[in-house]
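The working numbering applies: residue 373 is where the sequence shown begins, and numbers increase by one.
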Amino acid sequence: MKRYKAKWLSAGAFAFDLCAVAGTWLAAYSVRFNGAIPADFWHGALEALIWVLPVYAVMFRVFGLYRGMWVFASLPDLIRISKSVTGGALVVMVAPSCHNPCR
């Protein structure tokens, strides 16, 4: 029974983190345009979420963010979080440049 509950809590934390990524992605656009996001950029932001969310989901899993539930977070947990967020940011920055190289 405890194992079943732990899986649901881990899945809930994973879903919350992905929602936080989406919210942060859209908030960054809002900050960039002082709240008035042009329609073209708004559509671009939403289309980018189609690949940004899977990239971060993979990074969160690869770096083991959900190995166990946190009663007490430790320095190794902080390092795993930092690695996954940095890795996701690097992939998100590099991937568009691979599709649309400068001419």
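Here a beta-carbon is modelled for each residue, glycine too, at the ideal position from N, C-alpha and C.
Residue nearest to residue 382 in terms of C-alpha spacing, selected from 458, 433, 418 and 464: 433
Spatial neighbours of residue 415 in its chain, beta-carbon cut-off 6 Å, leaving aside the 5 residues before and after: none
When 455, 396 and 461 are compared against residue 418, the one with the closest alpha-carbon: 396
Residue 421 and residue 394 closer than 8 Å at C-beta: yes
Local Cβ density within 10 Å of residue 407, reported as buried at 16 or more and exposed below that: exposed
Separation of residue 425 from residue 388, as counted between CA atoms: 12 Å
Best match in 380, 467, 379 and 392 for proximity to residue 429 [C-alpha to C-alpha]: 392
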